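Colleague:
Residue numbers (the numbering used here), protein chains in the order written: chain A, 173 to 255; chain B, 1491 to 1602.
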């Protein structure tokens, strides 16, 4: 069940990456990167529920915080620089 | 009892992963960037809540449940803020086709 959930999450991440690559506008790319990071947080949480993975739950905390900082920096960068 | 918890946790994990997949599909199905933002921001957060419940049922230690709860609270606080920042920056700086009036420009004109 855990493996199935991981596979589904990986599929979702692939869909987000495809949208980042296809664009067409910068808006789509930024939004998709944001969604991709959220999907990664979901994936790491599932991986931390596996007893054999060795991933501690605190890792999820770090990934979630890093994702938020990344999105905020990206937004600040676009607001300064323009399209 | 342990087996029951494992099954409940597994179902929650798969349901949460399906919500993440739904977000991935929505990002491709919706027509304009603002609708896509709605798909990319909301459903992974709901998916994370379900996955956190599933992880809590699977691991069953106090420290794990506390950490996962903290992650959910953090994500509920930061995900709307981050998406709002990204959407605002894109709206101000990039030309995006929009149906309806530009309400952000109208509000800022009212304040000035």
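Even for Gly, the Cβ is constructed at its ideal location relative to N, Cα and C.
Treat the numbers as computed from the prediction; the structure is a model and nothing was measured.
(1) For the segment 1498-1516 of chain B against the segment 1551-1567 of chain B, are there 3 or more C-beta pairs whose distance is under 8 Å?
(2) In whole angstroms, give me the CA-to-CA distance for residue 1527 of chain B and residue 1520 of chain B.
(3) Near residue 1499 of chain B, which residues of its chain fall below 6 Å by C-beta distance, leaving aside the five closest residues on each side in sequence?
(4) Anything in chain B within Cβ reach of residue 217 of chain A, meaning under 9 Å, just list it in chain order.
(5) For the segment 203-215 of chain A, which residues have a CB atom closer than 9 Å to at least one CB atom of chain B, in sequence order?
(6) Report all residues from its chain with a CB closer than 6 Å to the CB of residue 1602 of chain B; omit the five preceding and five following residues, and keep chain order.
(7) What does the alpha-carbon distance come out to for the pair residue 1600 of chain B and residue 191 of chain A?
(8) Can you tell me whether DSSP reads residue 1491 of chain B as helix, strand or coil?
(9) Residues of chain B with CB closer than 7 Å to the CB of residue 193 of chain A, please, in chain order.
Modeller: Result, derived from the coordinates:
(1) Segments in contact, no.
(2) Rounded to the nearest angstrom, the two C-alpha atoms are 9 Å apart.
(3) Cβ within range, chain order: 1544, 1547 and 1548.
(4) Against residue 217 of chain A, the close residues of chain B are 1503, 1506, 1538, 1541, 1542, 1544, 1545, 1558 and 1561, in the order they occur along the chain (beta-carbon pairs closer than 9 Å).
(5) Under the 9 Å Cβ criterion, the segment 203-215 of chain A contributes 203, 204, 205, 206, 207, 208, 209, 210, 211, 213, 214 and 215.
(6) Nothing listed; no residue qualifies.
(7) Taking the straight line from one Cα to the other gives about 36 Å.
(8) Coil.
(9) Result: empty, since nearest Cβ-Cβ is about 12 Å, beyond 7 Å.
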